[in-house]
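J.: Structure below; questions to follow.
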Amino acid sequence: MQDFPPRTATFFSGSDAAPSPDPDTRTPAAFLRWVLGQQKALIALSSLCYSLWFLPMTLGPWIFGRAVDDGIVGGSTAALLGWATLLLGVVLVGAVFGIVSHTLVVRTWLIGLYGALEMVTRKVVQMGHVLPRRSPTGEVLSVASSDSDEFGALTEILARTVGQLVSYLTVAFIVLTMSWQLGLLTLVAAPVLVGAALPLLRPLHRRQQLERSRTSDLTSLATDIVAGLRILRGIGGEQTFGANYDRQSQSAKEAGVAAGIWQAVVEAVGVLLSGIFLVALVWLGTRQVEAGTLTVGELITFLGYGLFMVGPIRTFFEFAQKGVRSMVSARKAIAIFEQRPPWRAPAEPVALDGTGALHDTTSGLTVQPGILTVVVSAVPEQSSALADRLGRYLPADTEPVPVDGDDGVRGRAARRARAEKARERARIAALDEERAGHDWGVTLGGVDLARADLADVRRQVLVSDTGSQLFAGTLQDAVDPHGRLTREQAEHALRVANAEDVYDALPEGWQGQLDERGRGLSGGQRQRVVLARAIAADPPVLVLVEPTSAVDAHTEARIAERVAGTRRGRTTVVTTVSPLWLHHADHVVLLHDGTVVAEGRHADLLAVDDYRRVVARALDEEEATR
Amino acid sequence: MSTGLSHDPLATSAATWRDRTEDPPAIPDELRPPQGVGVRERHRALWQRHALRRQRAEDVYAASRNPARGWPVSGNRAVLAFFGDLVRSRKKSFALLVALNALAAGSALVVPRLLGELVNRVQTQGAAVEGLDTLALVVVGVVLLQALFTFGAQRTSTHFGQDLLASAREYIVGTILRLPVGRVEGASTGDLVTRVTRDVGTMARSVQWGVPRLLISLLTVLLSVVAMLLNSVVLAVPALLVFSLCTPAVRTYLTRAPKAYITEGATYSRINTTLTETVEGARTVEALGLSAARVRAGSDDIEVSAQAERYGMTLRNVLFAALNGAFQVPQVVTLLVGAYAYGRGWVDLGQITAAMLYVVALSEPLDAVIGEVDRLQVGAASTSRLLGIAEVQPDREPGDRLPDGVELVGEDLRFAYREGHDVLHGVDLRLRTGERLAVVGPSGSGKSTLGRLLSGINRPRTGSARVGGVDLVDLPLEVLRTEVALVTQEHHVFIGTVRDNIVLAREDSSDDAVREALRAVGSLAWVERLPDGLDTMIGSGRFALTPAQAQQVALARLIIADPHTLVLDEATSLIDPRTARTLEGSMNNLLEGRTVVAIAHRLHTAHDADRIAVVMDGLVVELGSHDELIDLDGEYAALWRAWTS
Ligand SMILES: Nc1ncnc2c1ncn2[C@@H]1O[C@H](COP(=O)(O)OP(=O)(O)O)[C@@H](O)[C@H]1O
Ligand SMILES: [Mg+2]
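Just so you know, the protein sequences line up as chains B and E, in that order. Numbering-wise (UniProt numbering), the first sequence opens with residue 1 and increments by one. Numbering-wise (UniProt numbering), the second sequence opens with residue 1 and increments by one.
Here is the structure:
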């Protein structure tokens with residue numbers, strides 16, 4: 001029997017073992033069928049247990065009525081004890097299966113929830129840098145944080161609906177055999193009672209939606225105040241923004257009250273209708289007792305069932321609602337899960353030689369092995385595009401396509417908008433495959449990167465771009481994420497990146513905790529820890545994009561010297577315009593409009609006007625003052 | 001080049017380095033069920049695991065009450081006092097709430113009695129029952145009343161709950177806006193963000209729904225018991241006794257459940273944090289080959305979460321075992337006792353019917369009481385984290401002396417973030433009015449710390465930073481802000497109007513003053529082109545400004561504040577090189593006529609300054625003009641040569 005957390009290897013197995021089969025992402029309904037199909041047996045079992053759990057509610061009133069008739073009114077102690085024992089038995093069965101079905105349902109729910117979470121993580125790492133180019137980060141995260149819960153909830157509501165259906169049918173059978181008029185009234189009244197509240201629900205939902213949106217505005221105001229707290233406490237403005245918050249808080253309160261009043265209406269109407277139904281039931285019942293067609297015990301049975309029937313009907317409506325919600329979630333989930341990496345593994349992968357020269361056709365750049373090459377460009381985007389090419393990364397030239405459209409549009413317009421977005425996603429995917437399928441245009445040791453395994457490329461060439469991120473964990477984890485370094489190596493990396501002060505500021509040293517994304521470190525500190533991590537990884541080819549842009553000149557000078565020293569004999573490319581790096585460069589390349597226009601040593605290139613303009617603002621000034 | 005650090009910062013490296021082969025698994029092996037053992041052993045192991053999970057939940061809860069980092073957390077007593085005060089200030093609506101709910105619950109309880117009465121009449125009078133229709137009409141009347149009372153009760157509950165909630169959250173944000181400047185500047189705001197989002201949400205749910213619903217359910221239970229006793233003591237007492245049998249189980253559950261739910265909540269936020277990092281850092285993960293590690297981190301989080309879920313599940317199962325018995329068995333008891341008492345003529349059939357209806361109906365409010373107490377406890381934990389913010393002690397007591405003059409002098413400045421670890425070792429600095437002083441030096445040498453002391457954010461451990469003869473930290477904040485301002489890399493555009501975003505330092509500024517400030521930084525033109533001019537809403541999710549415009553807004557704020565001294569801590573280092581040119585003019589207008597301390601990132605800032613201070617290892621080691629320092633041929637000169645050759 002399955003249990004949680006589920007063992008999955010969908011999309012990414014992490015080892016050489018083949019990943020588990022992909023989910024069915026053809027349509028939202030197919031996906032939901034797949035999700036439920038994953039735990040067919042468990043869901044069937046919990047449906048069964050649910051119906052047994054409801055047994056006291058299903059049979060209790062009937063037994064009670066019989067006991068009144070045979071035992072109390074009829075005066076037979078034996079019959080009374082018999083019925084009482086049966087009632088006790090039913091109650092106990094219900095109690096036991098209450099626990100069993102709770103256990104099972106937690107299980108199916110969490111298998112659904114955790115399974116979806118696992119799939120999101122695995123899809124993200126399977127796609128790598130390609131996913132953010134196609135899907136907005138927020139959407140990927142919301143599949144994990146809210147849609148996954150819908151899938152869990154779906155398993156629960158399905159089992160409960162089946163259980164309630166069984167109860168409903170059982171009760172229907174019992175009441176119809178006792179009195180068809182009353183039975184019919186009971187059966188018909190339940191849907192009517194639930195249905196009568198429906199017209200009231202629409203205005204209620206509208207008000208609840210307003211309340212939710214005002215509350216979420218309020219939350220963003222509070223987040224905004226905290227995010228700018230340093231400025232508010234440093235420069236001032238507490239009154240203005242405090243008052244803004246209070247105003248929004250009051251308007252959220254008004255929306256909440258409006259929604260609450262409608263809620264009150266709905267509940268009062270519910271009380272009224274079910275009360276009147278109960279009275280009608282008893283009134284009709286007493287007539288039948290008068291006429292002798294119904295016994296007193298049976299009347300009591302009807303009283304017991306009177307309100308029970310509302311339960312199953314509510315569940316059926318809930319099932320419909322959650323079904324719709326799951327379809328929406330499924331649509332968002334498949335927009336993520338259906339994506340495939342654009343890379344196709346070469347039929348006969350060539351092993352790359354990291355000690356060979358690196359050549360980029362587009363720019364005409366050739367990086368000689370074993371030396372420090374600095375790429376200078378007046379336009380930072382051009383150097384980072386070059387770095388992306390060197391590492392076989394698709395350029396960040398696409399706009400991620402959200403699944404969620406405008407909330408305002410409905411029906412056909414919404415479907416059209418969705419189809420439009422699906423086409424756009426397909427277009428990007430096709431474009432990616434097209435780019436990934438051809439020769440890449442960058443060779444390492446004479447071999448085009450497309451002819452090697454992507455994993456091999458990643459091993460040989462490490463590109464540390466400006467978006468490089470730190471992960472929450474200890475400083476040791478940050479510098480040595482794979483756990484492969486000796487302490488001396490890690491210390492060395494920290495020194496090369498001149499990040500000793502980060503160590504120093506943490507009382508626990510290597511075990512000091514860094515917050516997620518290195519928040520809590522200054523921009524310069526974060527940049528230097530990222531650099532230390534890249535240095536520690538010690539790849540054959542290292543490409544550093546603007547590695548010291550947030551670092552002061554003193555520190556930059558040290559870093560440049562130390563990086564040049566430690567990387568001697570390995571291929572290193574740095575994109576920057578800082579003279580402090582250029583001094584240590586073995587070779588400098590000037591990029592203009594994305595192509596190499598001049599190269600040589602820093603001292604020699606100073607004779608080139610374009611180069612001087614890009615590199616040395618300070619030089620110009622000195623010249624002017626001279 | 002010397003390291004500039006006298007001690008070896010990595011001296012403790014050997015002691016703090018960890019051998020990763022010894023890392024424990026995400027969850028200890030004792031938490032996994034044993035394989036291939038008998039039923040009895042498995043059962044024993046199950047309870048052992050439950051005890052272990054309880055320990056883990058207690059630990060998480062304890063840690064959340066005493067966070068090692070971040071802001072403080074207050075105690076339960078403070079939470080009670082807080083809500084006590086809030087309720088006390090709403091005595092009238094509270095009384096109305098109780099009264100209306102009592103009426104609604106009371107009228108609901110009349111109905112079963114009347115139905116019982118109907119049954120009685122048919123049973124005793126047989127055919128041709130008297131007054132049946134009248135009785136039915138009476139019931140309809142009661143039902144109508146009940147509906148009306150329900151509406152009134154719900155309405156007052158909403159008003160009360162929403163009002164309580166609004167006051168509570170406004171109070172919390174008020175305390176955040178009063179946090180000590182020094183603490184705000186040093187600490188990470190992540191913890192605060194969690195508090196104003198998640199904790200306010202949890203508190204909201206329990207205040208808005210929990211408090212009124214608990215009251216309603218308690219009233220219903222109370223009145224039901226009264227009604228049952230009025231109906232028939234003989235029938236009520238045994239049933240109530242059986243109900244009360246579940247009390248110990250409920251009590252155990254209620255002491256443990258909140259910790260379980262807080263632990264579960266913590267595991268889910270951990271799952272989210274890890275996943276968010278993986279998604280946002282997808283490229284880093286790919287570049288460094290961290291895929292397997294990130295998947296493992298995610299699975300580990302799920303494992304931990306599953307353990308928390310199992311603990312909660314077992315707690316609920318134990319509760320259900322007690323409740324299912326306690327709530328259903330009274331039916332059987334009522335039946336048996338009813339039959340016996342009926343035989344003796346103590347009760348009639350109507351009373352039995354009513355008793356049965358009461359017994360069945362009682363389980364709902366009882367369930368609700370347990371659920372709401374549960375929810376309130378979780379809410380209380382969040383509230384205690386929110387109230388903790390109010391417990392941060394103020395870091396200054398403003399005196400009544402006002403500065404005499406504008407000269408800013410720092411003497412013998414020392415400062416430590418951690419006791420015994422001074423990061424400034426006695427800095428003396430006398431600013432000349434109107435000068436530009438550049439501060440350069442390696443990372444970690446104490447430049448930012450010096451900047452904070454010179455702008456009155458932190459109090460020096462020894463020595464003093466004074467303006468016009470008065471300690472900066474003894475000035476009232478409103479005065480301090482108009483004397484000296486610290487400008488950092490951070491520029492934040494608040495959600496609000498353009499005016500709101502600019503008048504910060506002098507909130508009573510006139511529109512003309514705002515326009516003047518905007519003109520000075522060169523942004524009046526684009527502001528006037530905005531749809532609503534100064535009243536246009538900007539900030540996240542509203543009208544978006546370009547980075548250059550955002551920077552200009554930040555500069556306009558300072559023009560309004562109009563301090564005579566500015567401390568710029570790498571303020572321009574994040575300015576996009578392409579926007580730098582547009583901003584240069586705005587910046588010059590701001591700096592014009594003020595004393596400026598610029599902690600410099602790039603050397604040309606230093607080159608342009610009147611004087612340069614080189615900070616190394618918490619001391620000013622060189623001080624003088626560019627030319628003087630070049631002649632001195634020290635640190636600065638060496639760096640300058642490297643930069644320019
Ligand atoms: N909030 C803080 N808590 C603990 N240590 C800190 C904090 N801020 C800075 N430090 C430490 O104080 C020293 C000086 O830091 P800082 O003034 O930021 O230097 P700089 O601005 O020159 O880089 C460094 O060793 C740094 O690690
Ligand atoms: Mg600093």
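Where is the CB? At the ideal position from N, CA and C, for every residue including glycine.
1. When the cut-off is 8 angstroms and only beta carbons count, does Leu118(E) lie next to chain B?
2. Report the residue ranges of all beta strand (DSSP E) runs contained in full by the stretch 603 to 644 of chain E; include only those spanning at least 3 residues, in chain order.
3. So, at 6 angstroms on beta carbons, what are the nonlocal neighbours of Glu508(B) in its own chain, with the 5 sequence-adjacent residues on each side left out?
4. Give the secondary structure of Asp353(B) by DSSP, where H, G and I count as helix, E and B as strand, and everything else as coil.
5. Kindly indicate if chain E contains any beta-carbon less than 8 angstroms away from that of Asp397(B).
6. Based on Cα-Cα distance, which residue from Ala571(E), Arg452(E), Thr274(E) and Ile352(E) lies nearest to Leu230(E)?
7. With a threshold of 7 angstroms, establish whether the CB of Asp395(E) neighbours any heavy atom of ligand 3.
8. Enumerate in chain order the residues of its own chain whose CB-to-CB distance from Gln369(B) is below 7 angstroms, with the five nearest sequence positions on each side excluded.
9. Considering only residues of the same chain and omitting the five flanking positions on each side of Leu193(B), which have a CB-CB separation below 7 angstroms?
10. Would you mind working out which of Phe12(B), Leu200(B) and Leu218(B) sits nearest Phe241(B), comparing C-alpha positions?
11. When you check each C-beta in the stretch 415 to 447 of chain E against every C-beta of chain B, which residues fall closer than 7 angstroms?
12. Considering only heavy atoms of ligand 1, does any lie closer than 7 angstroms to the CB of Gly84(E)?
13. Candidates Asp501(B), Val265(B) and Tyr503(B): which alpha carbon is nearest His205(B)'s?
14. Does any CB atom of chain E fall closer than 8 angstroms to the CB of Gly565(B)?
15. Taking CB distances under 8 angstroms as the criterion, tell me whether Ile261(B) reaches chain E.
16. I'd like the list of long-range same chain contacts for Arg325(B), defined as Cβ closer than 7 angstroms, with 5 residues on each side in sequence excluded.
17. Flag this pair as touching only if the stretch 612 to 619 of chain E and the stretch 584 to 591 of chain E have three or more C-beta atom pairs under 8 angstroms; answer yes or no.
18. Let me know if Gly446(E) comes out buried or exposed under the rule of 16 or more other beta-carbons within 10 Å of its beta-carbon.
19. Which two residues bound the contiguous alpha helix (DSSP H) that contains Glu483(E)?
20. Within 10 angstroms of its Cβ, does Lys92(E) collect 16 or more other Cβ (buried), or is it exposed?
21. Give the residues from the stretch 338 to 370 of chain B that approach chain E closer than 7 angstroms (Cβ to any Cβ), ordered along the chain.
22. According to DSSP, simplified to helix, strand and coil, what is Gly391(B)?
23. Can you tell me whether DSSP reads Phe494(E) as helix, strand or coil?
24. From which residue to which residue does the beta strand (DSSP E) around Val414(E) run?
25. Using only the alpha-carbon positions, how far apart do Val627(E) and Ala637(E) sit?
26. Checking contacts by CB at 8 angstroms: is Gly371(E) closer than that to chain B?
27. Classify Gly618(E) as buried or exposed, calling it buried when 16 or more other Cβ atoms lie within 10 Å of its own Cβ.
28. Using the C-alpha atoms, what's the distance from Val463(B) back to Phe4(B)?
29. Is Ser549(B) near ligand 2, judged by its Cβ being under 7 angstroms from some heavy atom?
30. Considering Cα atoms alone, identify which of Phe64(B), Gly14(B) and Trp53(B) is closest to Leu357(E).
31. Rounded to the nearest angstrom, what separates Pro21(B) and Arg331(B) at their Cα positions?
32. If we count the other Cβ atoms within 10 Å of its Cβ and call it buried at 16 or more, is Glu309(E) buried or exposed?
33. Among the residues of its own chain, which have a CB less than 8 angstroms from the CB of Ser384(E), if the five just before and after it don't count?
34. With 16 as the cutoff for other CB atoms within 10 Å, does residue 652(E) come out buried or exposed?
35. Glu433(B) CB to nearest chain E CB: under 8 angstroms?
36. Are any of the Cβ atoms in chain B nearer than 8 angstroms to that of Trp17(E)?
T.: Straight from the coordinates:
1. Interface residue, yes.
2. 611 to 616 and 619 to 624
3. For Glu508(B), where only same-chain residues beyond five positions count, there are no Cβ hits under 6 angstroms.
4. Asp353(B): coil per DSSP, three-state reduction.
5. no
6. Ile352(E)
7. Ligand 3 is absent from the structure shown, which contains only ligand 1 and ligand 2.
8. According to the sequence displayed, residue 369(B) carries Pro and not Gln. Counting only Cβ-Cβ distances below 7 angstroms, and skipping sequence neighbours, we find Thr355, Gly356, Ala357 and Thr571.
9. Scanning its chain for C-beta atoms nearer than 7 angstroms, with the 5 sequence neighbours on each side dropped, one finds around Leu193(B) the residues Leu273, Ser274, Phe277 and Val310, in chain order.
10. Leu218(B)
11. Arg418, Val440, Gly441, Pro442, Ser443 and Gly444
12. no
13. Val265(B)
14. no
15. yes
16. Glu150
17. Not touching, per the Cβ criterion.
18. buried
19. Leu477 to Glu483
20. exposed
21. none
22. DSSP places Gly391(B) in coil when its eight states are reduced to three.
23. coil
24. Reading off the sequence shown, one finds Arg at residue 414(E), where the question assumed Val. First-last of the beta strand (DSSP E) with Arg414(E): Leu408 to Arg418.
25. Residue identity differs from the one stated: residue 627(E) is Asp in this sequence, not Val. Those two C-alpha atoms are separated by around 9 angstroms.
26. no
27. Using a 10 angstroms sphere on the CB of Gly618(E), the tally of other CB atoms reaches 16 or more, which defines it as buried.
28. 38 angstroms
29. no
30. Among Phe64(B), Gly14(B) and Trp53(B), the Cα nearest to that of Leu357(E) is on Phe64(B).
31. 19 angstroms
32. buried
33. Arg65, Val73, Ser74, Gly75, Asn76, Ala78 and Val79
34. The structure shown does not extend to residue 652(E), since chain E spans only 1 to 645, so no value can be given for it.
35. no
36. yes
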